[in-house]
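In the working numbering, the protein residues as written are -11 to 913.
Heads up, the beta-carbon is just placed ideally off N, CA and C, and yes, glycines get one too.
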RNA sequence: GCGGGCGUGGUGGAAUUGGUAGACACGCAAGACUUAAAAUCUUGUUCCAGUAAUGGAGUGCGGGUUCGAUUCCCGCCGCCCGCACCA
């Protein structure tokens, strides 16, 4: 008699056993090889969603599987708990961000534990824990010491209503996402992490990450954006730059930051203004010096120091009379107006990219380096980016589309210097399309006749020889601005002294703790207008004078850049063990969403390098073996797809946000249309998209656990779709998973054999042997499926094995062997069911502690094989023969096959191809 | 614009050193059990023709290489993702 399986009773019972026996604790001093399984930790929004379930279920499969393979597994969980939503909730509801956050964590921990993940909860922490951010402040100071932290003025998105800096992602169509105010570009003093210091290493490191998705590696490589080229100077024509200024007393505000001096990209700019000296020319970066002869103008970024200097004061274009000494000249006002015009265009990258080209002729001219006597006008152009290269370019309209658009608009000359193959130098002209391909150089003096590459080399050599420039490598990657004018984040451990400048808080005074008594009444950063925190009793650690605290907090992406190490180091109120962290790292398998492909995963790689250089981490060895992948935090990465669900919208509702309805309230009519049951209004089926509260297409994991059990929820999210693709949540799919769990249980409870689940039926024959073969074949495939992250194929094998077992009548060792394989195979997916089955069939100890079943290779080969027979590539018949039959005999049998003969008909056999163990193909014409 | 990926039955998908296309599941249909339903079990299910045996077509489209192509190559079409004036 089949007993009923009651997940609601079974699951909590086993969870209690697991917790009491503390089986998921990872031991630092284990003598087994280590395996660090990690999923991207959650933000405590208050609810877990199906995306979490899928993410952690995948990691759990790996963790449990590796445990069964004999590894010491670390599989921890924590909370990425600093961030804006807590502050927003506090502003909206009047609560406190801290209370909101920690309540949410408690709300989320419980359902997560109900899912039965093999997590070492003893290592749990939240990034908003004082102990965590204290350690982070230490790291900040160590990075500072190492030169990886600096302060500079940078352009930021400023929300004038909320009085805070916004990240780029928080600016939507040029407006603040919360206030709706038009965002301004502002120069502000900001703290930066010098991620560019590792640009080359971060790029090179990608090569070794062969267990990362290619896509993520490509995205990071593009983000780092290495390009090699020539940085060169165009010298002023007709005297010095300064001659154009009425008032040379005034110098531009000193933008030079001392510890930036070694940073090449900024050095050349900074150099221009040191001590008020004026630049002798304009520095540009180019990857196409071969086209220098086609240059027709120079373009400066609106943010270029020269542009700003011109707008700033005293600049007098030769054609304008000076109005009054020390007042703004007419020319400066013109420039200023133009720069404002450029700033208006918007902040989104796309808006900038599609904006029309704007230019302003400064009236300055520079000398062409190769053509004696030739000069080029210097323009300010909105399409030149300050953040890349030197913030200035030479324009070669014939061979660059942007330059061409610009030249056509402002009537600048277009001179072709690269001749495409098959074109005639006498007649070749560039119209509206710039030519960027290969070709022979012409109109180019000493470069004439060379191809592109040769031309680049020759021009670079010449410029270098002339002392005007040198080869440089440029990166698109920019330093990471980490200052946030927010409360709920890690305080930057710095004291600002009027005399000594920015001074680190001494280590023995850490942590700089967040005050609890804050107010969100006034807009802006609560830390800044806290009555006492900023300055009461604060003195400069260096000179002892009264001073002020830095009130900015660190970008929360910093929190997630080293948390994996904190797990390994068992971070607690007493600090953490960095040596232990070093032994656990790198993370062997990391699982998370692809949305972090660049930001989080790049920042974490940067932090790891910084932590190594500061002596905190040493990744040269894991606990037992040398580490082959170098200074990387994540040896294996898997990016999983989302959980999607159908959406339904009222057909007659005009207001977008009001139109979505709950899928369970929708019913399908006989004619295939849909109706909203509570109101009777017509409904249209929308796209199948990621579960989202606002679209009302969410399914609460806790409801599924209550209705079907945790195992079913876990099984479903892993079963149908490949892990990297999205999986659509459907009611029928869940019911299917639920039925399967019952089927497994019925197979187990129908078993009366007593050999135990570790049985090996070595004497099996007949049906028993067939079952053994099927079981081992399934085991082989499903194991591979887990190894290569194709859980859906593992699931299919488990289905096959279960189906075979449910049909198998014998109560013998072969049944037990297959059952033992099945139970251990489903354990990573449905651990509660597996545990219950294991105990039911007399398994020793827990299935969690049972070793992974071993494939018997003898079971994978058959004595007889079935070969398909093809005639002219089409399958006509098949042949069952002993596996070692010689080729010529196979050929003979194939040619005697009735169906084959029929297909050949009157044609003559030209060739017979026999691929042993694979196929026979007969070519007949 | 640049970069990456994908395209297979009614549906999710399987199949890789090139060798039986459609495993497994969902759905659907028929049957068994049942007063009935649910559950469960059995059988069938790529399309077209045929009662069937069988024949033909078939992995987005068009070509190519090959005895043989979902797989490799070339050219299109469509969808998705990332970056986006990077000089």
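Backbone CA spacing between residue i and residue j [nearest angstrom]
i: residue 650; j: residue 861; result: 53 angstroms
i: residue 729; j: residue 881; result: 47 angstroms
i: residue 92; j: residue 457; result: 58 angstroms
i: residue 838; j: residue 52; result: 10 angstroms
i: residue 667; j: residue 644; result: 18 angstroms
i: residue 54; j: residue 23; result: 7 angstroms
i: residue 491; j: residue 841; result: 60 angstroms
i: residue 900; j: residue 752; result: 39 angstroms
i: residue 69; j: residue 476; result: 9 angstroms
i: residue 806; j: residue 763; result: 6 angstroms
i: residue 256; j: residue 378; result: Low confidence applies here, because residue 256 scores a pLDDT of 36, under 50, leaving its location unreliable and the question unanswered by this model.
i: residue 727; j: residue 665; result: 28 angstroms
i: residue 123; j: residue 559; result: 9 angstroms
i: residue 78; j: residue 509; result: 11 angstroms
i: residue 237; j: residue 298; result: Model confidence at residue 237 stands at a pLDDT of 36, short of 50, so the residue's coordinates are unreliable and nothing is read from them.
Counted within 10 angstroms of its Cβ, other Cβ atoms place residue i as buried (16 or more) or exposed
i: residue 306; result: Below a pLDDT of 50, predicted positions are generally treated as unreliable, and residue 306, at 46, falls in that range; the measurement from the model is reported next regardless. The residue is exposed, with fewer than 16 neighbouring Cβ atoms inside 10 Å.
i: residue 771; result: buried
i: residue 719; result: exposed
i: residue 918; result: Lying outside -11 to 913, the shown extent of the chain, residue 918 is not represented and no answer is given.
i: residue 497; result: exposed
i: residue 253; result: In this predicted model, residue 253 has a pLDDT of only 34, less than 50, meaning its place in the structure is not dependable; the value taken from the coordinates is given anyway. Classification for residue 253: buried.
i: residue 776; result: exposed
i: residue 370; result: buried
i: residue 543; result: buried
i: residue 263; result: Confidence is the limiting factor: at residue 263 the pLDDT is only 43, short of 50, which leaves the residue's position unreliable and the question unanswerable from this model.
i: residue 537; result: buried
i: residue 31; result: buried
i: residue 389; result: exposed
i: residue 848; result: exposed
i: residue 193; result: buried
i: residue 108; result: buried
N-terminal and C-terminal residue of the beta strand (DSSP E) that residue i is part of
i: residue 664; result: 662 to 664
i: residue 592; result: That residue, residue 592, is in no beta strand (DSSP E); its alpha helix (DSSP H) goes 587 to 601.
i: residue 271; result: 269 to 274
i: residue 220; result: 214 to 223
i: residue 567; result: From DSSP, residue 567 is part of no beta strand (DSSP E) but of the alpha helix (DSSP H) over 566 to 572.
First through last residue of the alpha helix (DSSP H) which encompasses residue i
i: residue 865; result: No alpha helix (DSSP H) contains residue 865, which is instead part of the beta strand (DSSP E) from 862 to 870.
i: residue 821; result: 819 to 828
i: residue 455; result: Neither: residue 455 is in no alpha helix (DSSP H) and is coded neither H nor E.
i: residue 90; result: 85 to 102
i: residue 53; result: 38 to 56
i: residue 692; result: 689 to 695
i: residue 892; result: 886 to 892
i: residue 781; result: 779 to 795
Best match in the options for proximity to residue i [C-alpha to C-alpha]
i: residue 188; options: 272, 562 and 465; result: 465
i: residue 276; options: 413, 460 and 292; result: 460
i: residue 62; options: 402, 379 and 11; result: 11
i: residue 843; options: 761, 137, 811 and 76; result: 761
i: residue 638; options: 663, 631 and 671; result: 671
i: residue 982; options: 80, 86, 78 and 669; result: Absent from the model: residue 982. The displayed extent of the chain is -11 to 913, so no value can be given.
i: residue 271; options: 376, 348 and 179; result: 376
i: residue 954; options: 136, 410 and 36; result: Residue 954 is absent from the structure shown; the chain starts at -11 and stops at 913.
i: residue 864; options: 852, 884 and 891; result: 891
i: residue 462; options: 184, 518 and 758; result: 184
i: residue 701; options: 100, 80 and 758; result: 100
i: residue 328; options: 565, 416, 295 and 909; result: 295
i: residue 72; options: 632, 152 and 37; result: 152
Residue i CB to nearest heavy atom of the ligand NAP below 6 angstroms
i: residue 1; result: Ligands displayed in this structure: none; no statement on the ligand NAP is therefore possible.
*Are the region 110 to 118 and the region 130 to 143 in contact at 8 angstroms, needing three or more beta carbon pairs?*
no
*Is the number of C-beta pairs between the region 696 to 704 and the region -6 to 12 that are closer than 8 angstroms three or more?*
yes
*Looking at C-beta atoms only, is the number of pairs between the region 561 to 577 and the region 13 to 29 that lie closer than 8 angstroms three or more?*
yes
*At least 3 beta-carbon pairs within less than 8 angstroms: the region 793 to 811 vs the region 733 to 747*: yes
*Would you be able to state if there are at least three C-beta pairs under 8 angstroms between the region 402 to 417 and the region 318 to 325?*
no
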